[in-house]
Amino acid sequence: MLREEELKTFVDGTTRYFEVAAQQPATIGSPYLLEGEPAMHDYTGMINISGKREGVVYFTAPRAMLTVLLMKMQESDFSHESMRDLVGEVANTISGNARRDFGHDFVISVPSVFAGEKPQLAQPSGARAFVIPIHWRSHSAKLVVSLT
Amino acid sequence: MGTAQEAVARRTIRLLIVDDSNIVRRRIERSQQFDELEVVGTAANGLEALELARRTDPDLVTMDLTMPQMDGIECITQLVRFKPAIRILVISALADKATAVEAMERGANGFLNKPFTDRQLNDAIAELMY
């Protein structure tokens, strides 16, 4: 089961992503245990984890936030496809960076992306899901981590 | 007549960009600052990359690792087999040492972690070009 101290890996990864990719740090709120159905924003990128740990990591964000993030990345394509691409890439980058601490056997899938639909979460039974609130500029998003 | 370094600098270096994210492919293309680099193709997975490499004969490849259909490690193995002199810069989110070592053992020449700054990208490309 995911230990609270392991959350630091994902908090640090999220901080690093915004600091480097958007050249503007995000503020990370206090992580909390998810109870009930997760609240989703407009776009969600999900990574399935297998190997020595099992579970999911997903990044969910509103379209407005993703638009500004793309602008900060000098992108000029703000299409639906770009939004999907971006949430998948954010989830992939934060999950892949977690291997620095979790090791080579922390196997990540290619991203699954959901927009305006409820994702099928492959959350392992009995695993706790933590929500990491992300505040960037005037926008809010979430990283959700659920691991055995 | 210029120096050998100037001659190398004048030569066109053919670049193939491989990543399953369109945003990342465009970012690499936009951020690289070398006049002598010519982007000869972009691919979204290892299979596309192999096909494009056969057609476009790149000198340098930027290679993602986690991709559908064929991942970067397998693609590196096959690329090096048919073009041993190719230079490969892995650009991946996978941040563990074992992955970097495996990529290098298969034939990659450099490794850059995502997320990256423009400067880190250009420094990593420069190391492989000269």
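Sequences listed follow chains P and U, in order.
Using the numbering used here, the letters of the first sequence correspond one by one to residues 28 to 175.
Using the numbering used here, the letters of the second sequence correspond one by one to residues 6 to 135.
Cβ atoms here follow ideal geometry from the backbone N, Cα and C, with glycine treated the same way.
Check: Chain U contact residues for residue 73 of chain P, given Cβ-Cβ distances below 8 Å; Outcome: Within 8 Å Cβ-Cβ: nothing; residue 73 of chain P doesn't reach chain U, min ~14 Å.
Check: Strand pairing of residue 72 of chain P, partner residues [DSSP]; Outcome: P/86 and P/140
Check: Simplified DSSP state of residue 131 of chain P, which is helix, strand or coil; Outcome: coil
Check: Min CB distance residue 25 of chain U to chain P below 8 Å; Outcome: yes
Check: Where residue 41 of chain U falls, given that 16 or more other Cβ within 10 Å makes a residue buried; Outcome: exposed
Check: Residues of its chain near residue 133 of chain P, where Cβ-Cβ distance is below 7 Å and the 5 sequence neighbours each way are ignored; Outcome: 76, 78, 79, 80, 125 and 126
Check: Chain-ordered residues of the region 74–107 of chain U with a beta carbon less than 7 Å from chain P; Outcome: 97, 98, 99, 100, 101, 103 and 104
Check: Buried or exposed by the 16-neighbour rule on C-beta atoms within 10 Å, applied to residue 121 of chain U; Outcome: buried
Check: Rounded separation between residue 174 of chain P and residue 59 of chain U - CA only; Outcome: 41 Å
Check: Alpha-carbon spacing of residue 88 of chain U relative to residue 111 of chain U, whole angstroms; Outcome: 13 Å
Check: Test item: CB-CB of residue 169 of chain P and residue 158 of chain P under 8 Å; Outcome: yes
Check: Cβ neighbours of residue 29 of chain U in the same chain (closer than 8 Å, five flanking residues each side left out); Outcome: 69, 96 and 119
Check: Cutoff 8 Å: residue 47 of chain P Cβ touching any chain U Cβ; Outcome: yes
Check: Within chain P, the residues that residue 121 of chain U reaches when beta carbons sit closer than 9 Å; Outcome: 47 and 48
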